[in-house]
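Step one of this worksheet: look at the structure below.
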Amino acid sequence: MESGAVLSRTLTKKEFALSGTEVRTAETEFLEGCRAGSLPTFERLYQAHGGPMKSIALNLLGNVADAEDAVQEAFLKVYRGARRFRGGSSFSTWLYRILVNTCYDLLRKRRRRAEGPLPADVALISGRESDHPLRLSIEVALRRLDFRERTVFLLCEVEGFSHREAAEVLDVNENTSRTLLFRAKKQLQRSLSSAGAFAPVEVS
Numbered sequence: 007m008e009s010g011a012v013l014s015r016t017l018t019k020k021e022f023a024l025s026g027t028e029v030r031t032a033e034t035e036f037l038e039g040c041r042a043g044s045l046p047t048f049e050r051l052y053q054a055h056g057g058p059m060k061s062i063a064l065n066l067l068g069n070v071a072d073a074e075d076a077v078q079e080a081f082l083k084v085y086r087g088a089r090r091f092r093g094g095s096s097f098s099t100w101l102y103r104i105l106v107n108t109c110y111d112l113l114r115k116r117r118r119r120a121e122g123p124l125p126a127d128v129a130l131i132s133g134r135e136s137d138h139p140l141r142l143s144i145e146v147a148l149r150r151l152d153f154r155e156r157t158v159f160l161l162c163e164v165e166g167f168s169h170r171e172a173a174e175v176l177d178v179n180e181n182t183s184r185t186l187l188f189r190a191k192k193q194l195q196r197s198l199s200s201a202g203a204f205a206p207v208e209v210s
């Protein structure tokens with residue numbers, strides 16, 4: 007199973023215990039290095055963000071090969087377009103926006119392909135056999151979400167993005183991000199309840 011497995015909590019920039027100044031310094035170094043065409047900097051950028059990006063792409067596309075293609079294409083776009091980045095958002099936010107747009111483009115191109123469950127080697131919560139039915143139920147429920155709802159859910163609930171960051175990735179305002187997450191959670195709850203994944207709470 008890959009380190010960035012679906013819905014398994016991944017290590018993001020928020021969990022490196024970096025100060026705000028250190029994060030900004032790292033982002034500046036990434037941006038300047040990519041603009042200069044530095045391959046070592048590009049490799050460090052991949053090491054820092056490749057895992058979470060694969061996790062997000064896998065959840066959005068439901069296919070390991072497609073997810074790897076999307077991440078590779080996103081990094082190529084970043085490498086080629088870094089000189090045009092004007093700093094309207096953080097460099098990492100721009101990176102994830104490119105990834106999400108790349109995934110959306112791939113879905114549009116391949117939407118005629120038959121829908122199927124996520125690969126068996128992907129674990130949503132854990133790899134324990136006892137979790138398998140619940141894992142499958144979550145896979146199905148997640149894939150029924152609208153693309154933007156699913157994206158906000160993955161960014162905020164799985165990868166630890168703030169609503170401000172998620173809003174910048176999707177190019178919406180923070181209130182829209184919050185609304186999308188609320189709708190995603192309600193839809194997931196309804197889908198899991200219908201599937202018998204958990205019993206509804208009785209209200210006396």
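Residue numbering for the sequence shown follows my numbering, beginning at 7 and increasing consecutively.
Idealized CB from N, CA, C, for every residue including glycine.
Quick one: using the 10 Å Cβ neighbour count with 16 as the cut-off for buried, is residue i buried or exposed?
i	result
F36	buried
A71	exposed
N181	exposed
G68	buried
L186	buried
S200	exposed
E171	buried
S168	exposed
R154	buried
Taking residue i as the reference, which of the options has the closest Cα?
i	options	result
S44	A88, P58, V164 and L187	A88
T47	A63, I104, G68 and A32	A32
R156	F81, L66 and K60	L66
D152	R189, N107 and N179	R189
L160	A63, G56 and L51	A63
T108	L82, R92, V158 and S98	L82
E165	L51, G57, C40 and R50	G57
A80	E163, L142, F91 and Y102	Y102
L105	L176, R41 and L187	L176
Y52	K191, Y110 and Y85	Y85
V147	K191, G39, V178 and N179	It should be pointed out that residue 147 corresponds to Ala in this sequence rather than to Val. Comparing Cα positions, the closest option is K191.
L112	E38, F91, T34 and D75	D75
F91	R116, R50, R41 and N179	R41
G93	Y110, V158 and E38	E38
Which residues in the same chain as residue i place their Cβ atom closer than 8 Å to its Cβ, once the five residues preceding and following it in sequence are excluded?
i	result
R150	Q193 and S197
C162	S168, H169, A172, S183 and L187
A120	Note that A120 scores a pLDDT of 48, beneath 50, so its modelled location is shaky; the value from the coordinates is reported in the next line. Excluding residues within five positions, none has a Cβ falling inside 8 Å.
Near residue i, what residues of its chain come up, given a Cβ to Cβ distance below 6 Å and the 5 sequence neighbours on each side ignored?
i	result
S95	E174
V77	M59, K60 and A63
Kindly list the residues whose CB is nearer than 7 Å to the CB of residue i, restricted to its own chain and excluding five residues on each side of it in sequence; keep chain order.
i	result
R73	It should be pointed out that residue 73 corresponds to Ala in this sequence rather than to Arg. Taken in chain order, the residues that qualify are K60, A63, L64 and L67.
H215	Nothing can be reported for residue 215, as the shown portion of the chain is limited to 7 through 210.
- Report the residue ranges of all alpha helix (DSSP H) runs contained in full by the region 32–118; include only those spanning at least 4 residues, in chain order. 45–67, 70–87 and 97–116
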